[in-house]
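Trainee: Chains as they are written, first to last, in the numbering used here: chain A, 1 to 262; chain B, 263 to 507; chain C, 508 to 782. Even glycine gets a Cβ: it sits at the ideal position worked out from N, Cα and C.
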Amino acid sequence: MGQLSRAATGVAVVLGVLAAWSARTEAHGEAAQDAFVRTRTVAFYDVQVAGTEINSGETVAITGKFFLLQEWPSGADKPGLMFLTVAAPGPVMLVQERWINGVFTPGSVALRQGEEYEFMLTLRGRRPGRYHVHPMLSIQGIGPLLGPGTWITISGGSSFENPLTLWNGETIDLETFTLPRIIIWHVSVLALGLSWLMYWIAQPILRRSRWITSEAGDRLITKRDQMVSIGLGLLTVTAIIVGVLTTRASYPHTIPHQVIKS
Amino acid sequence: MAEGNGFEGFRALDRKFDLMFLASALFLVIAGMQVTLTLWSGDWDFWSDWKDRQWWPPIAASVNLVVPAALQYIAWSQLRLPLGATFAAVAVALATWLTRVVNMWGWAYFPIPFVWPATFIPQALLLDCTLMWTRSFLLTSILGGLLWGALFYPINWVLLAPFVQPVEYYGQVMAVADVQGFQYVRTQTPEYARLIEKGALRAFVEEITVVVAFFSGFVSLVAYWFGHLIGRYVCWPIPVFLKRM
Amino acid sequence: MTRGVAGPRGGESREVINGRNWLVALAAVLGLLFTAAMALRVWQQLFAWSAGLDSTSPEFATYWMPVFWTELALLGVVAAVWWGWAGFIPCGTCEAQRASSGGVKPGHELSHIATLWIYTTVGTFSAFMQLAFFGEQDATWHQVAIRDTALTPSHIPLFYFWFPLLIITSVATFLYGRTRLPHIYRDHGYALPMLLMIGGIFSLFLWVAVNEFFHSFWQTEERFSAPLHWGFVIFFYVGGAVIFSIWFQTLPGIYELIGQLQAEPGETGARGRTP
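1) Where does A:W21 land, buried or exposed, given buried means 16+ other C-beta within 10 angstroms?
2) Using 8 Å as the threshold, is the C-beta distance between A:V60 and A:L123 below it?
3) Which residues of the region 430-450 of chain B have a Cβ closer than 8 Å to any Cβ of chain A? Give them in chain order.
4) Say whether chain A places a C-beta atom closer than 8 Å to the C-beta of B:F372.
5) Beta strand (DSSP E) containing B:L421: first to last residue?
6) Any Cβ of chain C within less than 8 Å of the Cβ of A:R210?
7) Taking the C-alpha atoms as reference points, what is the distance between A:R210 and C:P759?
8) Using 8 Å as the threshold, is the C-beta distance between C:Y626 and C:T569 below it?
9) Along chain B, which residues have their Cβ under 8 Å away from the Cβ of A:Q96?
10) Thinking just about the alpha-carbon of each residue, which of A:I139, A:L166 and A:P106 is nearest to the one in A:Q113?
11) How many angstroms separate the CA atom of C:G766 from the CA atom of B:D276?
12) Can you tell me which of the three DSSP states C:H736 falls into?
13) Any idea if B:R362 is buried or exposed, counting beta-carbon neighbours within 10 angstroms, 16 or more meaning buried?
14) To the nearest angstrom, report how far apart C:W669 and A:G51 are at their CA atoms.
15) Quick one: grab the DSSP three-state call for A:V92.
16) Among B:D280, B:G368 and B:S398, whose alpha-carbon lies nearest the alpha-carbon of B:H490?
17) Does any CB atom of chain B fall closer than 8 Å to the CB of A:Q70?
18) If you reduce the DSSP assignment to three classes, tell me which class A:H253 lands in.
19) Please list, in chain order, the residues of the region 217-232 of chain A that have any C-beta partner in chain B closer than 7 Å.
20) Based on Cα-Cα distance, which residue from C:R548, C:F743 and C:S677 lies nearest to C:W624?
21) List, in chain order, every chain A residue whose beta-carbon is nearer than 9 Å to that of B:D305.
22) With a cut-off of 8 Å on the beta carbons, I'd call C:V651 and B:R448 a contact; round off their distance for me.
23) What residue from A:G243, A:P91, A:P180 and A:G231 has the CA that sits closest to C:W556's CA?
24) So if DSSP puts A:F67 in a beta bridge, which residue, or which two residues, is it bridged to?
25) Can you tell me which of B:V496, B:R494, B:F289 and B:W498 puts its alpha carbon nearest to the alpha carbon of C:F635?
26) What in chain F is Cβ-close to C:V651, meaning under 9 Å?
27) Nearest by alpha-carbon distance to C:W737: which of B:Q296, B:F283, B:F279 and B:G493 is it?
28) Check the C-beta distance from C:F641 over to C:L540 and give it rounded, since I have them as a contact under 8 Å.
29) Among B:L341, B:P320, B:L327 and B:T300, which residue has its Cα nearest to the Cα of A:I269?
30) Could you check the C-alpha separation between C:F595 and C:G706 for me, to the nearest Å?
31) Can you tell me whether A:S250 is buried or exposed? The criterion is at least 16 other CB atoms within 10 Å of its CB, across all chains shown.
32) DSSP has C:E602 in a bridge; who is on the other side?
33) From the DSSP secondary-structure annotation, give me the bridge partner or partners of A:N101.
34) Check the Cβ of C:Y762 against every Cβ in chain A and list those closer than 9 Å, keeping chain order.
35) Chain B partners of A:S108, CB-CB under 8 Å?
36) Once DSSP output is grouped into helix, strand and coil, what is the label at B:Q450?
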């Protein structure tokens, strides 16, 4: 009994220390994950963050290693595809680069258990503020597995540009790319739709229910209604044709979405 | 419609009911449309890097026809109004823009070029006009339903085309939308969760978008009847009374 | 449909019904609901990222749990008062009119129908907030932050304010119909549209439990169009679509009552005109 009580005390102390330690390091929802999921699947180590105070637009690199344990908990599904990313409170910073073992890795990967992988994530500050950021490996069937977190402070103004060079050499800003086109197309089709609705709503509507079952119901759609529908229908078809043709002329080279898995 | 036969007096009071009906119906239709859009086709509508050719057109076009079809039935059978589909499409357009701007951009700080919504308004207008001219739900489901599905991708191609331009990004060929997905952090949406075309030789056949259009039209035709039956059997005045619960 | 409605007898003044007060009441109700929505949204803007990411943190207990408990307490009071008034306190005007003239006047009955419609508007606005605005917002939060509780900053308004409010409204609508419009909603039995409305909307709330269960044990990624969410759509089709049925069920009565208002004698001026 003496040995048992000593063992129980020891376990309680260890658990207490772990709990206290956990509260300090975990600032996100991973506390809800089972301990075996967090500690017996992926181990992050040698994690370094090159600079924790940056200006908006500047980059910071997170480097380190992670090890996929060979012995996998029986309570967790065998690992499928994995995706290296960061746990951050939204796109307050962008992921500029993802590298695993020196290979640029934009998508999901199939990694081997019992092996160590070197990673680098380059983040670019976007929104000023102080954020807790973790490197993270999402595993299909298990969920997000977080590495150690770091507080990163982003300073600077709120204007931010995200340039990207297209196939034709044109540089665009992903923050505002084609925003006028999006607004114009949506407003145009909304105007068409609202015109149709306003035309009908300008007349009494519920009253029409009184004539539905009678012969007068057939006369509820008038010649004027038909002419308006023809006009609006033609306008709609014209808008679609013009929209599609001008779009094809403006953007002649397109590719399907790319799914890059290695 | 002629205002005679003693209906002059309706002018004040029943227009008040019209207003109450429209206000209340607008909220109801927004709820129905947006819950369908988000929970049946949401991921494809939220993000530009999900708007592919294999999953987005058939799913988004078809599921978002259910409520318009139900509303078409109600509006036409009860009020002889050919505006059910347009009402639904306009309602969801206003509502999705509200949530994208206030929540996606205003709360989570995603740029609008990443989270713009699709539009259903032009095809809804054509669907309503088809019903008005054919006066037949069967013909509307065939002609209008096929048009709805087939036109979904071309109509939204106006918005999507810039985002599927090729980019060379650190030695990889990606579309602009893929780069957006790569860069803008979505902690709980790992890349493997993205359900889009994974690439096949046949996907480079020139007529693939025509094939996609026809398939989307067919699925939309089926979805039209699902919505129509909801309208027919759930939304009309059900004169059934239970003596005991 | 309008059995029990009486016209004015000799010496009684003609009812003056213009419907403006209905619109004022509707505007006031929508204003109140919109204010609640704004308050919740502003709270999220201020405290979601700073205090809502970790449900085990003291900040979460300070800024989010009180909102949760306040919502439930407030809605409990609203339910008790509203159901009590709609279901157990009879309309004094109806009783007085029945006593004096044998039936309810058409204008007053029309006001009851308008009030029923306003009740349904509380419901449809709640549905808009629940399934559209805060519903899509839920995707915004959950695809960005790691889920560690059922009481996330997006769930607290969505599941624990607007959902319960919709249920409360559906029951209040049912009770109001039975007590204020008995010849439509009581004398023939329980109207199926009302029962479907309550049943469908209550099933939505049950599906919340299914949703959280699946999220906790099965679904590790936050795909929003996943099968575990589809129940919300189906149950809303049932519970929400019948609201059209409720409106159209009262429509013939509305026109009959308006016709009776026009037919009331005793006032000079254009026949059939209402002020």
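Mentor: With the given structure in hand:
1) For the purposes of this step, residue 21 of chain A is identified with residue 21 of the first sequence, where counting begins at 1. Its pLDDT being 36, under 50, A:W21 is placed unreliably in this model, and the coordinates cannot settle the point.
2) Locating residue 60 of chain A in the first sequence gives position 60, counting from the first residue. Locating residue 123 of chain A in the first sequence gives position 123, counting from the first residue. Taking 8 Å as the Cβ cut-off, A:V60 and A:L123 qualify as a contacting pair.
3) E430, Y431, Y432, G433, Q434, V435, M436, A437, V438, A439, D440, V441, Q442, F444, Q445, Y446, V447, R448, T449 and Q450
4) Walking along the second sequence from the start, residue 372 of chain B turns up at place 110. Yes, B:F372 counts as interfacial toward chain A.
5) Here residue 421 of chain B is taken as the residue at index 159 of the second sequence, counted from 1. Taken as a continuous stretch (DSSP letters only), B:L421 belongs to no beta strand (DSSP E), being part of the alpha helix (DSSP H) at G407 to L422.
6) Your numbering for residue 210 of chain A matches position 210 in the first sequence. At least one chain C Cβ lies under 8 Å of A:R210.
7) Walking along the first sequence from the start, residue 210 of chain A turns up at place 210. Walking along the third sequence from the start, residue 759 of chain C turns up at place 252. If you take the alpha carbons of A:R210 and C:P759, they lie about 8 Å apart.
8) The residue you call residue 626 of chain C lines up with position 119 of the third sequence. The residue you call residue 569 of chain C lines up with position 62 of the third sequence. No.
9) Position 96 of the first sequence, counting from 1, holds the residue named residue 96 of chain A. Contact note: A:Q96 reaches chain B through Q445, using a C-beta cutoff of 8 Å and chain order.
10) Locating residue 113 of chain A in the first sequence gives position 113, where the first residue counts as 1. Checked all of A:I139, A:L166 and A:P106; the closest Cα to A:Q113 is A:I139.
11) Indexing the third sequence from 1 puts residue 766 of chain C at position 259. Indexing the second sequence from 1 puts residue 276 of chain B at position 14. Distance between the alpha carbons of C:G766 and B:D276 is about 11 Å.
12) Locating residue 736 of chain C in the third sequence gives position 229, where the first residue counts as 1. Here C:H736 sits in helix by DSSP.
13) Residue 362 of chain B sits at position 100 when you count from the first residue of the second sequence. It counts as buried.
14) One-based indexing of the third sequence puts residue 669 of chain C at position 162. One-based indexing of the first sequence puts residue 51 of chain A at position 51. C-alpha separation (whole angstroms): 44 Å.
15) Start at 1 with the first residue of the first sequence, and residue 92 of chain A comes out as number 92. Coil, per DSSP.
16) The residue you call residue 490 of chain B lines up with position 228 of the second sequence. That would be B:S398, whose Cα lies nearest to the Cα of B:H490.
17) Residue 70 of chain A sits at position 70 when you count from the first residue of the first sequence. Chain B, which has no Cβ nearer than 8 Å to the Cβ of A:Q70, makes this no.
18) Indexing the first sequence from 1 puts residue 253 of chain A at position 253. In the structure shown, A:H253 sits in coil (DSSP, three-state: anything other than H, G, I, E or B).
19) G217, L220, I221, S229 and L232
20) Along the third sequence, read from residue 1 onward, the residue named residue 624 of chain C stands at position 117. Comparing Cα positions, the closest option is C:S677.
21) Position 43 of the second sequence, counting from 1, holds the residue named residue 305 of chain B. Correct list: empty, because the minimum Cβ distance to chain A is about 13 Å.
22) Within the third sequence, numbered from 1, the residue matching residue 651 of chain C stands at position 144. Within the second sequence, numbered from 1, the residue matching residue 448 of chain B stands at position 186. Contact holds; Cβ gap of about 6 Å.
23) Here the question's residue 556 of chain C lines up with position 49 in the third sequence. Selected option, being the one with the closest Cα: A:P91.
24) As a position in the first sequence, residue 67 of chain A is number 67, starting the count at 1. Answer is A:A43 and A:E116, bridged to A:F67.
25) If you number the third sequence from 1, residue 635 of chain C lands on position 128. Minimum Cα distance to C:F635 is reached at B:F289.
26) Of the chains in the structure shown, none is chain F; the protein chains are A, B and C.
27) For the purposes of this step, residue 737 of chain C is taken as residue 230 along the third sequence, with counting starting at 1. Answer by Cα proximity: B:Q296.
28) Within the third sequence, residue 641 of chain C is the residue found at index 134, counting from 1. Within the third sequence, residue 540 of chain C is the residue found at index 33, counting from 1. The pair is not a contact, with the Cβ atoms about 13 Å apart (cut-off 8 Å).
29) This structure does not reach residue 269 of chain A, given that chain A is present from 1 up to 262, and the question cannot be answered.
30) Here the question's residue 595 of chain C lines up with position 88 in the third sequence. Here the question's residue 706 of chain C lines up with position 199 in the third sequence. Taking the straight line joining both Cα atoms gives about 22 Å.
31) Your numbering for residue 250 of chain A matches position 250 in the first sequence. Exposed is the call here.
32) Position 95 of the third sequence holds residue 602 of chain C. DSSP lists no partner for C:E602.
33) Here the question's residue 101 of chain A lines up with position 101 in the first sequence. Per DSSP, none; premise fails for A:N101.
34) Counting from 1 along the third sequence, the entry for residue 762 of chain C is found at position 255. Ordered by position in chain A, the residues that pass the 9 Å Cβ test against C:Y762 are L206, R207, S209 and R210.
35) Taking the first residue of the first sequence as position 1, residue 108 of chain A is located at position 108. By Cβ distance, chain B contributes P452, E453 and Y454.
36) Here residue 450 of chain B refers to the residue found at position 188 of the second sequence. Of the three classes helix, strand and coil, the one that applies to B:Q450 here is coil, per DSSP.
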